[in-house]
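Asker:
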Amino acid sequence: MPLARDVVKDLAVEHGACVRPVQLRRTDLATGATEPVLVPCGHTLASVCPSCAERAKNLRAAQCREGWHLDHEPVIEPDDPTDDQKWWVEKRADAQAMRDADEACGDDMTGWDEDLAELDGEINTAGMRGNVLPARPERRYRTTRRRQDAPPLPRRNPDPRTVGKTYTTPDGKTFRPSLFITLTCPSYGRVTSNGTPVDPDRYDYTSAARDALHFAALFDRFIQNLRRYCGYDIQYFAAIEPQRRLAPHVHIAIRGTISRAELREVIAATYHQVWWPSTDTVRFDGAHLPIWDEDKATYLDPDTGEILPTWDEALDAIGPDANPLHVARFGDRFDAQGVLSGSKDASRCVGYLTKYLTKHVADCHRAENGDQVRHVDRLADALRFEPCSPTCSNWLRYGVQPKNAKEGMRPGNCKGKAHRREYLGYAGRRVLVSRKWSGKTLSDHRADRKNWLTQTLGIPPTDPTRYTWEPVTPSDQDHMPTAQRLLHVVADRIRWKQALDEARRRAQGQPPPKDLSATGEEAA
Ligand SMILES: [Zn+2]
Ligand SMILES: [Zn+2]
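The opening position of the sequence shown corresponds to residue 661 in this note's numbering, with each subsequent residue numbered one higher.
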């Protein structure tokens, strides 16, 4: 016999309702009346909430479609800030003033910097773009001399346009093709059709791990080169996901087009050098680890008591003749196809771009046999002691203090997502969208959809100043248990779907179905 509660959950999924709705209390300021409102959890992983993940994916697909074949320059005019947004910026201003005063007194800034970073996060969450302060410039300037093993790339004079060229056929038809590209990582050793190495002992897991860790930076470099080479402000919508062999690859929709030969040239000239301290020598391992000195807030060599080089000192020690820790490059094999607006190809490609967005990196290809499980294990092993960032605790293993070192750091225990099995070394954002893609943020696209809905249903817009909202906690009297919430959202969805269907029928000038208007028709 099925459990009634499971059936409700399945029903919620079937009707596209959130399976983990959040309960809020809405108070009408005019009347003082309160009512519970259930809002969707908004999770993007299908394993957590299939309905919200599907909606998020559809939103991304809409964003992708809207920007791809744009034939006019998107207008980006920032809206006026809301009161809420101003409030966060004022709070940020206060915090900065207090921090700077403390700094002048010589206090430790670690706590402050964390607070400020959190406030910056809130400012972005409140729907504002960018940071209040410009990013602090890197202290070091590495040689920008081109690598001898990468061919030089010709540059064109930059043009601020973002829209691709229009072509006209001899019979006067015009079209503006766009491009769909797939870039992969290089080979780390031959793999079988199920993505596992033919010879695991000779498969280069270290390079695979490092390429995954630095994949996002390599992608940035590629776009930079592509823009310089093509001479205009190329816009992209890209999705990063693992291939069957578990190396990341990226699908990119690009506005405008370039030839395969040109693309090959840009790919060959693109690389990303990682100027980090060397990890060739393991200095501390097992129980033999650096010691934290509480008074000096620093790590010491357990044998000599000497202070280990700090992150900045270790960077300064990288000599002019040193090699970068890693050079990331794309593989030679790539895929590129021209795509016309509104074509079948276009929707197929949007499908590719959004296919895996509702899944964790590691869930895109489930390990189904022993070889695949061992392949994941070996990659995870290679990632265990590979430093993921300047703040990674793994640096202690190589005798360097991580940036912002603090007590309790242990090599192999870094909390960075890149080390976790479900991320396979790539912990960055899965969707990368350039700023002038559709000229809209994801929230703008969300608002578009909401507006369309309320207009279709003929619901008058609510006055946002009329209500206040607050979360309902389990100890509150009006708190609804999960099962009750689910019943409510399912009922809401059903009512809502009927209203939408009817609105659509009305819009198409069709009479409502018989069972709804039976009495009326018989009378007529
Ligand atoms: Zn949900
Ligand atoms: Zn790490």
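Backbone N, C-alpha and C fix where the C-beta goes; we use that ideal spot for every residue, glycine too.
1. Are there any heavy atoms of ligand 2 lying less than 8 Å away from the beta-carbon of His874, as far as the coordinates show?
2. Check whether the Cβ atoms of Ala872 and Ala1022 lie closer than 9 Å to each other.
3. Given a threshold of 16 other Cβ atoms within 10 Å of its Cβ, counted over all protein chains shown, does Thr1179 qualify as buried or as exposed?
4. Could you tell me the alpha carbon to alpha carbon distance between Met769 and Ala777, rounded to whole angstroms?
5. Going residue by residue through the region 1077-1156, where are the continuous alpha helix (DSSP H) segments of at least 4 residues, counting only ones entirely within it?
6. Could you give the first and the last residue of the continuous beta strand (DSSP E) run that contains Val673?
7. Is it right to say Phe835 is buried, meaning 16 or more other beta carbons lie within 10 angstroms of its own, or is it exposed?
8. Which residues neighbour ligand 2 when neighbourhood means a C-beta less than 7 Å away from any of its non-hydrogen atoms? List them by chain order.
9. For my contact list, Ala913 and Phe897 are in at a C-beta cut-off of 8 Å; report their separation, rounded to the angstrom.
10. Just the Cα atoms here: how many angstroms apart are Ala1167 and Leu1160?
11. Assuming Val668 and Val1150 are in contact, meaning their beta carbons sit under 8 Å apart, how far apart are those beta carbons, in whole angstroms?
12. Where does His703 fall in DSSP's three states?
13. Cβ of Cys890 within 8 Å of any heavy atom in ligand 1?
14. Work out the CA separation of Glu1162 and Ala1183 for me, nearest whole Å.
15. Are Gly1076 and Cys1048 closer than 9 Å when you measure CB to CB?
16. In this structure, how does DSSP classify Pro710 when only helix, strand and coil are distinguished?
17. Please report the straight-line C-alpha distance between Asp743 and Asp1123, rounded to a whole angstrom.
18. What is the rounded straight-line gap between the Cα of Ala722 and the Cα of Phe990?
19. By a C-beta neighbour count over all protein chains shown, 10 Å radius and 16 as the cutoff for buried, is Val910 buried or exposed?
20. Run through the DSSP bridge pairs and tell me what Thr687 is partnered with.
21. Would DSSP call Ala1159 helix, strand or coil?
22. Any idea which residues DSSP pairs Val851 with across the strands?
23. Quick check: the region 717-732 against the region 1025-1042, are at least 3 beta-carbon pairs closer than 8 Å?
24. So is Ile927 in contact with chain B if we call contact Cβ pairs under 9 Å?
25. Just verifying my parser: in three-state terms, what is the DSSP assignment at Val1060?
26. Measuring CB to CB, does Leu1017 end up less than 9 Å from Val942?
27. By the DSSP assignment, the beta strand (DSSP E) with Thr958 in it spans what residues?
28. List the endpoints of the continuous beta strand (DSSP E) containing Phe897.
29. Could you check which residue in Pro908, Leu813, Trp1129, Thr828 has the C-alpha nearest to that of Arg1089?
30. Kindly indicate the opening and closing residues of the beta strand (DSSP E) around Thr842.
31. Please return the same chain residues whose Cβ sits closer than 7 Å to the Cβ of Asp945, not counting the five positions on each side in sequence.
32. With H, G and I counted as helix, E and B as strand and the rest as coil, what does DSSP make of Ala1178?
33. Name the residue from Ala899, Leu949, Gly702 whose alpha carbon lies nearest to the alpha carbon of Tyr1012.
34. Name the DSSP bridge partner or partners of Thr834?
35. Return the first residue and the last residue of the alpha helix (DSSP H) that Gly771 is part of.
36. Count the other C-beta atoms from every protein chain shown that fall within 10 angstroms of the C-beta of Gln1115, then say buried if there are 16 or more, exposed otherwise.
Answerer: In terms of the structure at hand:
1. no
2. no
3. Reliability of the predicted coordinates at Thr1179 is poor, the pLDDT of 39 falling under 50, and the value obtained from them is presented with this limitation in mind. Exposed is the call here.
4. 12 Å
5. Fully enclosed alpha helix (DSSP H) runs of 4 or longer: 1102-1117.
6. Element bounds for Val673: not the beta strand (DSSP E) but the alpha helix (DSSP H), 664-674.
7. Exposed, by the Cβ-count rule.
8. Pro1047, Cys1048, Ser1049, Cys1052, Ser1053, Asn1054, Cys1074, Gly1076, Ala1078, His1079
9. 5 Å
10. For the pair Ala1167 and Leu1160, the Cα-to-Cα distance works out to about 10 Å.
11. At roughly 7 Å, the Cβ-Cβ gap stays under 8 Å, so Val668 and Val1150 are in contact.
12. Note: His703 maps to coil in three-state DSSP.
13. no
14. Legend: pLDDT at Ala1183 = 36, less than 50; position of this residue unreliable, value from coordinates given subsequently. Rounded to the nearest angstrom, the two C-alpha atoms are 21 Å apart.
15. yes
16. helix
17. 15 Å
18. 29 Å
19. buried
20. Thr694, Thr1128
21. helix
22. Pro857
23. In this structure the region 1025-1042 does not lie against the region 717-732, because fewer than three pairs of beta carbons, one per stretch, are closer than 8 Å.
24. The structure shown contains no chain B, having only a single protein chain.
25. coil
26. Going by C-beta atoms, Leu1017 is not nearer than 9 Å to Val942.
27. 958-960
28. 896-902
29. The shortest C-alpha to C-alpha distance from Arg1089 to any of Pro908, Leu813, Trp1129, Thr828 is the one to Pro908.
30. Run containing Thr842: 838-843, per the beta strand (DSSP E) assignment.
31. Sequence-distant Cβ neighbours of Asp945 in its own chain, meaning closer than 7 Å and more than five residues away, are Arg1057.
32. Confidence at Ala1178 is low in this model, with a pLDDT of 38, below 50, so the placement of that residue should be treated as unreliable; the coordinate-derived value is given next. Note: Ala1178 maps to helix in three-state DSSP.
33. Ala899
34. In DSSP, Thr834 forms a bridge with Thr828.
35. Counting along the chain, the alpha helix (DSSP H) containing Gly771 begins and ends at 770-785.
36. exposed
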